[in-house]
Structure formats: structure tokens, C-alpha cells
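Listed below in C-alpha cells is the structure:
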């Protein structure tokens, strides 16, 4: 995450998936559809902790965390 843009990296060629960004402090969730990992998400995130879930349409789930500090 840098300057309002979230990018993802993968060793696998993943296409057609959704990315959910869950604010762990209040549960608010933003969901985005991406056609490939080269796509980026334009989103403004505040200081805090977020859970990132990438779900492919064939049922695979990848999860990670993002912590933003001042």
C-alpha cells in the first residue's frame, strides 16, 4: 500500500478474483474485482490494521494482513 494505491504480488498467475479489505477495528469491508495481479486498487486507508482476502472464482482463498502506522 502506497499513496492510496494497493498492489498485490504473487508467484502464481492468478486471474479473475475478488479482494476484500476488512478494517479489523470496525469490520467495514470493501470488495473489489480484479482481472489479474497486475491491477491495482485505489483506496484510502487510515492508520490501523486490515485483513486482506483474495478469493478466486474457483474457490482458492489467500489471506494476509496490512498494518498502517503513523
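In the numbering used here, the protein residues as written are 22 to 91.
The beta carbon of each residue, even a glycine, is placed where N, CA and C say it ideally should be.
Can you name the start and end residues of the beta strand (DSSP E) that residue 54 belongs to?
50 to 57
Quick one: is residue 54 buried, meaning 16 or more other Cβ sit within 10 Å of its Cβ, or exposed?
exposed
State the Cα-Cα distance for the pair residue 44 and residue 36, rounded to the nearest angstrom.
24 Å
With distances taken from CA atoms, which of 79, 91, 83 is nearest residue 92?
This structure cannot settle anything about residue 92, because the visible part of the chain is limited to 22 through 91.
Can you list, in chain order, the stretches of the beta strand (DSSP E) that have 3 or more residues and sit fully within the stretch 23 to 90?
36 to 44, 50 to 57, 69 to 77, 82 to 89
Using a 10 Å radius around the Cβ and a threshold of 16 neighbouring Cβ atoms, would you call residue 40 buried or exposed?
buried
Excluding the 5 residues preceding and the 5 following residue 75 in the sequence, name in chain order all residues of the same chain whose CB lies nearer than 6 Å to its CB.
38, 40, 83
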